[in-house]
Each structure stands twice: as structure tokens, then as C-alpha cells.
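In the working numbering, the protein residues as written are 630 to 675.
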């Protein structure tokens with residue numbers, strides 16, 4: 630939801646700050662996804 634808001638703000642305003650914020654959220658989401666996958670792999674290997 631926050632990611633969509635940041636993207637919408639960037640689209641409407643062209644604000645570099647909004648774009649950077651969007652990319653930070655995207656990176657955070659990717660890290661969270663990778664952490665979840667790593668936990669699943671560890672759990673499966675036990």
C-alpha cells in the first residue's frame with residue numbers, strides 16, 4: 630500500500646524524493662522476501 634502511494638506520488642509530481650522513497654520500499658520488500666525464503670530453506674533442511 631505504501632509502495633503504491635509512493636509510486637502514485639512520483640507519477641503525479643515527478644518528485645525525485647518520491648521515487649527514491651519508492652525504491653527504498655522496494656528494496657526493503659525484497660530483503661523481507663529473501664529473509665522469508667532463507668528461513669523456509671533452513672526449516673526444510675532440518
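Each residue gets a CB set at the ideal place from its N, CA and C atoms; glycine is no exception.
None of these values were measured; they are calculated from a predicted model.
In this structure, residue 660 lies away from residue 635, with their beta-carbon atoms at least 9 Å apart.
Counted as a single uninterrupted DSSP element, the stretch harbouring residue 675 is not any alpha helix (DSSP H), since DSSP gives it neither H nor E.
Secondary structure of residue 644 (DSSP, three-state): coil.
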